[in-house]
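Notes for the one structure printed next.
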Amino acid sequence: MPIKGFSTRSRPDCRDRRVINGSLNAKSPIQETSRTSAKGSAGLLDLFAPNAHQRLFDTLSASVASEYKGRTTSFDATKIIEYEKPAFSLKKLNEKYSSILYESDMALHPDRLKEIVESSTGDGRKKRKAFVDYMYPRTIWSGGVPYSIHPSIVGRALDNVVRAINFWHQETCIDFRPRKNERQFVEFIGNDVGCWSTVGKDDALGRQVVSIGLGCEH
Numbered sequence: 013m014p015i016k017g018f019s020t021r022s023r024p025d026c027r028d029r030r031v032i033n034g035s036l037n038a039k040s041p042i043q044e045t046s047r048t049s050a051k052g053s054a055g056l057l058d059l060f061a062p063n064a065h066q067r068l069f070d071t072l073s074a075s076v077a078s079e080y081k082g083r084t085t086s087f088d089a090t091k092i093i094e095y096e097k098p099a100f101s102l103k104k105l106n107e108k109y110s111s112i113l114y115e116s117d118m119a120l121h122p123d124r125l126k127e128i129v130e131s132s133t134g135d136g137r138k139k140r141k142a143f144v145d146y147m148y149p150r151t152i153w154s155g156g157v158p159y160s161i162h163p164s165i166v167g168r169a170l171d172n173v174v175r176a177i178n179f180w181h182q183e184t185c186i187d188f189r190p191r192k193n194e195r196q197f198v199e200f201i202g203n204d205v206g207c208w209s210t211v212g213k214d215d216a217l218g219r220q221v222v223s224i225g226l227g228c229e230h
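To convert, take the position in the sequence shown, counting from 1, and add 12; that gives our numbering.
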């Protein structure tokens, strides 16, 4: 599917950065939209079971509570700024899956969540950056990111998905390419509830979902 108004700006020089895919191809990744069949879509409950996540969430919450126990927080009440309540509420849109999603919008495989818990508790506690480095390069896509777009992604949602893919492709070292027959790929879906996604590349998963549910298409 040709893209109208595609930017012709040159991409960043990725040779001096941590290159995600090893490719410096600057062509638009959306020459032809990769579509999956309606039968091929998987929602969040098809990917993960709530019970396994809840136990890990409870452990992580207890760890955080223990770390901050006894600490006090001060603030200047004269500098409080009241903002209008935003019309878009990620917490509200993802309420159905609050027992599964990590930090409101991340769908993590139980093995990855377990690693986060282990890195945050006991003697194995790691800082966030150290944990990211520990996960590298398992979470990095090599050779580009194969993607597909489910037929439920239409209208504004489709326009914004295409625009986002082109932005990341043009402004970063990340290459997206339509999926052919790769086992691991990213799929954009619009037939489930909420705005959430898996994170990075996870060998434990095949299809890695980005949900653009009703209200998330902005």
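Backbone N, C-alpha and C define an ideal beta-carbon position, used for all residues, glycine too.
The structure presented is a predicted model; accordingly, all values stated were derived computationally and were not measured.
Could you please give the first and the last residue of the uninterrupted alpha helix (DSSP H) stretch that includes residue 183?
Looking at the DSSP string, the run of the alpha helix (DSSP H) that includes residue 183 is 167–183.
What residue does the beta strand (DSSP E) around residue 199 start on, and which one ends it?
Looking at the DSSP string, the run of the beta strand (DSSP E) that includes residue 199 is 197–201.
To the nearest angstrom, how far is the alpha carbon of residue 226 from that of residue 197?
Their backbone Cα atoms lie some 23 Å apart in a straight line.
Within 8 Å, do at least three Cβ pairs link the stretch 160–180 to the stretch 114–126?
The stretch 114–126, when compared against the stretch 160–180, does not touch it at the 8 Å Cβ threshold.
Quick one: grab the DSSP three-state call for residue 116.
The three-state secondary structure of residue 116, taken from DSSP, is coil.
Would you identify the three-state DSSP class for residue 186, choosing helix, strand or coil?
For residue 186, the three-state secondary structure derived from DSSP is coil.
Among all the DSSP beta bridges, which residues are the ones paired with residue 154?
Looking at the DSSP output, residue 154 shares a beta bridge with no other residue.
Quick check on residue 160: buried or exposed, where buried means 16 or more other Cβ atoms within 10 Å of its Cβ?
Result: buried.
Determine the burial state of residue 184: buried for a count of at least 16 other Cβ atoms within 10 Å of its Cβ, exposed for fewer.
Label assigned to residue 184: exposed.
With DSSP as the reference, label residue 221 as helix, strand or coil.
Assignment of residue 221 by DSSP, reduced to helix, strand and coil, places it in the strand class.
Residue from 101, 119, 104, 187 with nearest C-alpha to residue 208:
Put simply, of 101, 119, 104, 187 the residue whose alpha carbon is nearest the alpha carbon of residue 208 is 119.
Going by Cα to Cα distance, which pick from 206, 210, 129, 223 is closest to residue 152?
Cα-wise, what sits closest to residue 152 is 210.
In three-state DSSP terms, what is residue 101?
In the structure shown, residue 101 adopts coil according to DSSP, grouped into three states.
Between the CA atoms of residue 224 and residue 214 - distance to the nearest angstrom
About 20 Å.
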